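Some notes on the structure that comes next.
In structure tokens:
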């Protein structure tokens with residue numbers, strides 16, 4: 163699992179981050195803000211907009227859609243993409259296993 167930084171919250175989302183899943187981030191926003199402000203944070207007019215933003219075409223919650231929403235609305239970024247040491251480590255691992 164990649165590590166994501168949500169700059170607006172000064173938090174990370176990863177296995178050992180401040181949040182483990184993006185659904186937890188959405189819950190946190192609604193727990194710590196008035197309802198209308200939480201909707202505004204996610205650029206949603208109502209709960210239907212929010213539901214549509216995080217629900218796939220099968221009508222199920224989609225963690226990837228929640229990730230996209232959180233990254234877009236909370237100034238997020240994939241930290242692993244920026245870390246040259248992590249990439250170097252990945253390259254060394256790939257070499258060691260013969261890729």
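Residue numbers (the working numbering): 163 to 261.
All residues carry an ideal CB built from backbone N, CA and C; glycine is no exception.
These numbers come from a predicted model, not from an experiment.
query, result
"C-alpha gap between residue 236 and residue 217, whole angstroms", "19 Å"
"Secondary structure of residue 204, DSSP reduced to three states", "coil"
"Beta-carbon separation (whole angstroms), residue 169 vs residue 238, contact threshold 8 Å", "7 Å"
"With 16 other Cβ atoms within 10 Å as the buried cut-off, status of residue 229", "buried"
"Residue 188 vs residue 203 beta-carbon contact at 7 Å", "no"
"Residue 240 and residue 180 closer than 7 Å at C-beta", "no"
"Pair within 7 Å by beta-carbon distance, residue 184 and residue 214", "no"
"7 Å CB neighbourhood of residue 212 in its chain, flanking five on each side removed", "201, 204 and 206"
"Neighbour-count burial assignment, residue 259, 16 or more Cβ in a 10 Å radius", "exposed"
"Coarse secondary structure for residue 171, derived from DSSP in three states", "coil"
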